[in-house]
Amino acid sequence: RVRLAGMKISRPPVSIGHYKMVKHKSDKGNEENPHRFDLLVRTQRSWTQDGMNSLTYALLAKELRPLYTNLTVDI
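In terms of this note's numbering, the sequence shown opens at residue 586 and continues consecutively.
See below:
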């Protein structure tokens, strides 16, 4: 969605912007969606009309952190 809107994604160097996933078993009732990739393709066609770009919100706080910006909003 960010790239589709023409914005750039910047990533920190691997030396500070890396992570490891905690291994876990699949959650019951939260099975892998076999159509997940179809949903991603559909997003490329419908993202401008899905409501996210017309959402009304109030910005309550903006906190600039070294690796990210935290936005607190009221919807």
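The beta carbon of each residue, even a glycine, is placed where N, CA and C say it ideally should be. These figures come from a predicted structure and were not determined experimentally.
Cα-Cα separation between G602 and L625, rounded to whole angstroms: Locating residue 602 in the sequence shown gives position 17, where the first residue counts as 1. Locating residue 625 in the sequence shown gives position 40, where the first residue counts as 1. Answer to the nearest angstrom: the Cα atoms are 25 Å apart.
For N638, three-class secondary structure by DSSP: Numbered from its first residue, the sequence shown carries residue 638 at position 53. If DSSP states are grouped into helix, strand and coil, N638 belongs with the helices.
Cβ-based neighbour list, P597, same chain, cut-off 8 Å, excluding 5 preceding and 5 following: Working through the sequence shown from its first residue, we reach residue 597 at position 12. For P597, where only same-chain residues beyond five positions count, the Cβ hits under 8 Å are L652.
Backbone secondary structure at V626 - three-state DSSP: Your numbering for residue 626 matches position 41 in the sequence shown. If DSSP states are grouped into helix, strand and coil, V626 belongs with the helices.
Run of the beta strand (DSSP E) containing V658, from where it starts to where it stops: Residue numbering aside, residue 658 sits at position 73 when the sequence shown is read from its first letter. From DSSP, the beta strand (DSSP E) with V658 extends over T654 to D659.
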